[in-house]
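Numbering (the working numbering), first residue to last: 1022 to 1257.
Positions of the beta carbon are idealized from the N, C-alpha and C atoms, including for glycine.
Quick caveat, the model's predicted, so the values are computed rather than measured.
Only one structure is covered here, and it is reproduced in the block below.
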Ligand SMILES: [Zn+2]
C-alpha cells in the first residue's frame, strides 16, 4: 500500500485521467524527482512573444497546469524547474531579480542597486567560488545569494582566501577595482576612512571584527541601494 501526500495523489490521478498513466508510476516519478512541483515560466523576452505568455514571464506554475511552455504552436517559452531542496534566482529583466522557492512562492527584487538586487554586498562575480558559498543564480554577471546574510558571509570568505591574504587593504582594493576602470585612489581613501584603516594593514592579519568592518566598507562603496520587494504566494 502507498502512503502518499494528497497533492501527489491528486496529480497522479489527473495524469491517469488525462493520459492513462498508472497512478503508482506517477507517484514513484514524483517521489524520485529532484524538482519541486513548480517551474518558472520564462519567455525569450523579445517583441514577438505573444501577449498571454509575456504576462506569464517570471511567474511560477505547477507542472500540472496547462498549457505548459512550448506546448502551443510556435511557442519558444521555456520552463525552468525549481529544485526540491533550494531556491533559485533568475534575472527577469535589467532591474528585476526573481528568487523562487521550492514551495512555489517567490519574490521579486526590483530596482535598487545591483548589489542589493543580488543580495551580494561584495558584488562577487558568478562562478564556482560564489556557488560554493551559497549562490543560487546569477544576474548581470554577478552572483545572486538567497539573502543578504549569505551574501555578506561570502564577501568575508572571499577576503579570507589566499588571493587577498598577503595583500594590504590598499592593494586589495586595487586588485578588486583596478584603476583602468575605477577611481582606485578615491576608493582606497573612502574605505580607509569608513573602516578606520591606514590602508597598509595586511588582510590575512586582520581579526574578525576588522574583516567585518572592511566588508562593510566594501558594501557601502559598491553601492547598497534598496529597491522594492514583491512577494507572490504559491500558485493555487
Ligand atoms: Zn510562449
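- The segment 1212-1231 and the segment 1155-1174 do not touch, with fewer than 3 CB-CB distances between them shorter than 8 Å.
- In terms of side-chain proximity, the C-beta atom of residue 1064 is found nearer than 7 Å to a non-hydrogen atom of ligand 1.
- Not a single heavy atom of ligand 1 lies less than 7 Å from the C-beta of residue 1061.
- Under the three-state reduction of DSSP, residue 1040 is assigned to helix.
- Fewer than three Cβ pairs drawn from the segment 1139-1146 and the segment 1202-1218 lie within less than 8 Å of each other, which leaves the two stretches out of contact.
- Set against 7 Å, the gap from the CB of residue 1070 to the closest heavy atom of ligand 1 is smaller.
- In the three-state reduction of the DSSP assignment, residue 1099 falls in the strand class.
- Bridge pairing for residue 1249: 1131 [DSSP].
- Between residue 1133 and the set 1115, 1234, 1238, the nearest pair of CA atoms involves 1115.
- Taking C-beta atoms under 8 Å as the contact rule, residue 1185 and residue 1193 qualify, at a distance of about 5 Å.
- Taking the Cβ of residue 1090 as the reference point, at least one heavy atom of ligand 1 falls within a distance shorter than 7 Å.
- For residue 1056, the enclosing beta strand (DSSP E) has its first and last residue at 1056-1063.
- The distance from the Cβ of residue 1110 to that of residue 1120 is about 5 Å, consistent with a contact at the 8 Å cut-off.
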